[in-house]
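Colleague:
Number of protein chains: 2
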Amino acid sequence: MPAQFAATPITQLDTPALLLDRVRMDRNIARMRDKIASLGVALRPHVKTVKCLEAIECLAPGCGAVTVSTLREAEELAAAGYRDILYAVGITPQKIPRVQALRRRGVDLKVIVDNHEVAAAVRAGGFDTSDPIPTLIEIDTDGHRAGVRPDDAALLGTIAGGIGGALRLGGLLTHAGGSYECRSIDALKASAAQERDGIARAAAILREAGHRLDIISIGSTPSVLFSEDMTGVTEARAGVFAFFDLVMAGIGVCAPQDIALSVLATVISAQPDRGRLIVDAGWMAMSRDRGTARQPIDQGYGMVCDLHGTPYRDLIMIDANQEHGVLGLRPASAAAIPDLHVGDQVRILPNHACATASQHGAYQVTDEARGAIMHVWPRFGGW
Amino acid sequence: MPAQFAATPITQLDTPALLLDRVRMDRNIARMRDKIASLGVALRPHVKTVKCLEAIECLAPGCGAVTVSTLREAEELAAAGYRDILYAVGITPQKIPRVQALRRRGVDLKVIVDNHEVAAAVRAGGFDTSDPIPTLIEIDTDGHRAGVRPDDAALLGTIAGGIGGALRLGGLLTHAGGSYECRSIDALKASAAQERDGIARAAAILREAGHRLDIISIGSTPSVLFSEDMTGVTEARAGVFAFFDLVMAGIGVCAPQDIALSVLATVISAQPDRGRLIVDAGWMAMSRDRGTARQPIDQGYGMVCDLHGTPYRDLIMIDANQEHGVLGLRPASAAAIPDLHVGDQVRILPNHACATASQHGAYQVTDEARGAIMHVWPRFGGW
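Protein chains in written order, with full-length UniProt numbering: chain B, 1 to 383; chain R, 1 to 383.
In structure tokens form, the structure reads like this:
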């Protein structure tokens, strides 16, 4: 196994660096697979969190079905052999040529809409109609973003009826983004039920009107993991479950020790008299995401752990500049600032895995037992 | 002029895209140069905002003196011929080999410290001492981050006295990060005076003790632009002035029409009944920076303008998901949501230019009069 010869001790990495604990990731993926199997639906993992071919191979082995958030992701995956791709951000007429170019390469790329303007513009645009693009209507089951309300039969009918020419009706999609606001297991279960019930109502309306719907797609990591019934659903989408993060831990979806991603940083200034330490990981390494700010426990810019990943009591990143992170204790903490000195290293768990990962060009994949890096997995970005 | 033949209409760009208005940038740079000339100091522009060789050539023509926030920036600039570089984040012993490698290539790379632990560790580390690295002591003139208090004569003496071996004392540096919290011109002037006075006091203490200080370096865009006296200072550092942003406009350092950076986005869902529009630029394109949240006018994730850069009345990005931006009106606005439809494009001014630019791989440099892209300038990132 050549990687054993290439292993770099974690302590020898240039900092800041993005560490990925493969054991935790594999455990998180297994948990999702077990849950999905128990629900009797297909998993269409969302690659927007990982954006890395090696990680996507773990999520969707054998070039399985995937969800993307950009056409760039679709193009990267198409080049790697993936053929069943859903682009889960509302399509615009300007993007149709890139979609059709991928379909001509043999990729069954599907798109979504929540209005009848797109279909009308595509009809007027003179696009090739020989291979209509499967188009899912986006349903808004919790009012948080885009989509058609599931009971709006008139609008559903108008949109479904307007899809034609270079597009063809392929099914329905919803995303329970509101699940991120849940604060209890009961609320998570209710969010999952609302998501399923909403899309089922919309599907019934359209099927009664004679429309054929092959794909009924739902998802968000919290709502899938706490779903108790996916009757009528064909597939579930989720992405952040592979890494998890402090926002997910704050909701109760995982524990901090499930979080597979951390940022390695080095102390550059120790100020025990001011109750703080400065490290060389600021918002450029952590992102500006403050997703836990609205949760019961605000984790600042991240929870600080030692090199083995064990959290220091009450130590978080309380402020961040571009390349400086200020570490300090939670308000009213009785703990002491750990005795760390310039040159010492720490690991910081992120609020939001998608945002923190996107700040880095690659994952340093760790062998935690050996304290070493076994692989470097490059990420892709852009649009 | 070949660029005239390659010009792409702005409306034909794939979205989201990062637009850079060259005319505004040049005007902003000229303003800073005029100010610096009136103060009689040298400008050492900070490249952390632009991270792009073509833009740095505008900031520091002829491979002039520059400031960097990462060693990666120093390495990129060294390869492009820059020789006078200051790395303005506290150095750690682990980074000494990369610094020395650059110095061996003929780069006069300088580092900073705010403690005596680094010098002791470098002494113990057995590094080559044949070309000592010029080392500036960081002074904390406003308590906001790293640095030694300017009146702490004992600590200043200990640090200065401890610098030796592979390091040599090169001067002092401070950064008035507190200037970002100013809310009036008077406060900005006071911040600038405090920054200069603090570093002057520290310099007097060390010179009285017999230390030689060649470089006295201060800076932040607000404090430099509102400084009235830089007596005793040799150089000023600033970075965000080249682009400006809504945080700077909120402080009163610039007007929104000075902001050279914007994100081009396309409407993907129009929901006038809910008072909102959804565009294909979310936090991945804007960043999660909410720097205006603590200012008198909260700009959400950005101020929304038409294709020509004219702001729509009270329209801001009120929420952002990874690839979705939700546009809506400011609280209590009497304005109407503009009549925009799916496929229409808007431009969004960022809260924080450094953070938004870092989300993109390149700048689309515009010719605003022609509504076209004249150049694509790549950015570099990483550490």
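All C-beta atoms, glycine included, are put in the ideal place defined by N, C-alpha and C.
Please read these numbers as outputs of a predicted model, since none were measured by experiment.
Would MET230(R) pass as a contact of GLY64(R) if the rule is Cβ separation under 8 Å?
Modeller: The answer is no: Cβ separation not under 8 Å.
Colleague: Buried or exposed for VAL148(R), please, with buried defined as at least 16 other CB atoms from any protein chain shown within 10 angstroms of its CB.
Modeller: Buried, since its Cβ has 16 or more Cβ neighbours within 10 Å.
Colleague: Considering Cα atoms alone, identify which of LEU264(R), VAL263(R), ALA265(R) and PHE243(R) is closest to ALA255(R).
Modeller: Of all alpha-carbon atoms in LEU264(R), VAL263(R), ALA265(R) and PHE243(R), the one lying nearest the alpha-carbon of ALA255(R) is that of PHE243(R).
Colleague: Report yes or no: is there a C-beta of chain R within less than 8 Å of the C-beta of PRO61(B)?
Modeller: Not one chain R Cβ lies under 8 Å of PRO61(B).
Colleague: Give, in chain order, every residue of the stretch 177–190 of chain R whose Cβ lies closer than 9 Å to some Cβ of chain B.
Modeller: GLY177
Colleague: Can you list, in chain order, the residues of its chain whose CB lies under 6 Å from that of ALA291(R), leaving out five sequence neighbours each side?
Modeller: It should be noted that the sequence gives Gly, not Ala, for residue 291(R). Only VAL247, ASN351 and HIS352 meet the Cβ criterion.
Colleague: Count Cβ pairs between the stretch 316–325 of chain R and the stretch 7–14 of chain R that sit closer than 8 Å; are there 3 or more?
Modeller: no
Colleague: I need the straight-line Cα distance from MET1(R) to ILE199(R), nearest angstrom please.
Modeller: Only weak support exists for where MET1(R) lies, its pLDDT of 42 falling under 50; the value from the coordinates is given anyway. Going by the C-alpha atoms only, they are around 48 Å apart.
Colleague: The beta strand (DSSP E) with LEU102(R) in it runs from where to where?
Modeller: From DSSP, LEU102(R) is part of no beta strand (DSSP E) but of the alpha helix (DSSP H) over 96–104.
Colleague: Quick one: grab the DSSP three-state call for VAL47(R).
Modeller: coil
Colleague: Do ARG196(R) and VAL253(R) count as a contact pair if the criterion is CB distance below 8 Å?
Modeller: Cβ distance not < 8 Å, so VAL253(R) and ARG196(R) don't count as in contact.
Colleague: What's the C-alpha gap between ILE133(B) and ASP26(B)?
Modeller: The C-alpha of ASP26(B) is placed about 34 Å away from the C-alpha of ILE133(B).
Colleague: Where does THR92(B) fall in DSSP's three states?
Modeller: Reduced to three states, the DSSP call for THR92(B) is coil.
Colleague: List, in chain order, every chain R residue whose beta-carbon is nearer than 9 Å to that of ALA270(B).
Modeller: What ALA270(B) touches in chain R: ASN115 and GLU117.
Colleague: Would a check of beta-carbon distances place ASN28(B) closer than 8 Å to chain R?
Modeller: no
Colleague: Assess contact between the stretch 258–275 of chain R and the stretch 84–98 of chain B, defined as three or more Cβ pairs (one per stretch) separated by less than 8 Å. Is contact present?
Modeller: yes
Colleague: Could you name the residues of the same chain whose beta carbon sits closer than 8 Å to that of ALA7(B), not counting the 5 residues immediately before and after it, in chain order?
Modeller: ASP367, ARG370, ALA372, ILE373 and MET374
Colleague: In chain B, which residues lie with their C-beta within 9 Å of the C-beta of ARG145(R)?
Modeller: SER269, ILE278, ASP319, ASN321, HIS324 and VAL326
Colleague: Say whether chain B places a C-beta atom closer than 8 Å to the C-beta of ARG294(R).
Modeller: no
Colleague: Pop quiz: THR129(R) and GLY170(R) are said to be a contact at Cβ under 8 Å. What is the actual Cβ separation, rounded to whole angstroms?
Modeller: Not really, about 15 Å apart at Cβ, beyond 8 Å.
Colleague: Taking SER287(B) as the query, report the chain R residues whose CB atoms sit under 7 Å from its CB, ordered along the chain.
Modeller: ARG288
Colleague: In terms of DSSP beta bridges, what is ASP21(B) paired with?
Modeller: THR366(B)
Colleague: Figure out for me which residue from ASP152(B), PRO45(B) and THR49(B) has the closest Cα to the Cα of ILE205(B).
Modeller: Checking every option, the nearest Cα to that of ILE205(B) belongs to ASP152(B).
Colleague: Less than 7 Å between C-beta atoms, sequence neighbours within five positions excluded: which residues of the same chain meet that for VAL279(R)?
Modeller: ALA265, THR266, VAL267, ILE268, GLY325, LEU327 and VAL346
Colleague: List the endpoints of the continuous alpha helix (DSSP H) containing TRP283(R).
Modeller: Counting along the chain, the alpha helix (DSSP H) containing TRP283(R) begins and ends at 283–286.
Colleague: Against chain R, which members of the stretch 87–107 of chain B pass a CB distance test of less than 8 Å?
Modeller: VAL89, GLY90, ILE91, THR92, PRO93, GLN94, LYS95 and ARG98
Colleague: Give me the Cα-Cα distance between GLU117(B) and HIS341(R), rounded to the nearest whole angstrom.
Modeller: 8 Å
Colleague: Against THR8(B), what residues of chain R qualify as contacts under a CB-to-CB distance less than 8 Å, listed in chain order?
Modeller: Simply none; closest approach about 13 Å.
Colleague: Provide the residue span of the alpha helix (DSSP H) that contains GLY250(B), from first to last.
Modeller: 246–251
Colleague: Got a sec? Which residues, its chain only, sit under 8 Å from GLY177(R) by beta carbon, not counting five neighbours each side?
Modeller: ASP142, HIS144, ARG145 and SER220
Colleague: Put residue 411(B) into one of helix, strand or coil per three-state DSSP.
Modeller: Outside the shown range of chain B, which is 1 to 383, sits residue 411(B), and nothing can be said about it.
Colleague: Output yes or no for whether 8 Å exceeds the beta carbon distance between ALA238(B) and PRO61(B).
Modeller: no
Colleague: In or out: TYR363(R) buried (at least 16 other Cβ within 10 Å) or exposed?
Modeller: buried
Colleague: Expressed to the nearest angstrom, what Euclidean distance is found between the alpha-carbon atoms of GLY382(R) and ALA335(R)?
Modeller: 42 Å
Colleague: For ALA119(R) versus ILE85(R), is the C-beta spacing smaller than 8 Å?
Modeller: No, these two residues do not count as a Cβ contact at 8 Å.
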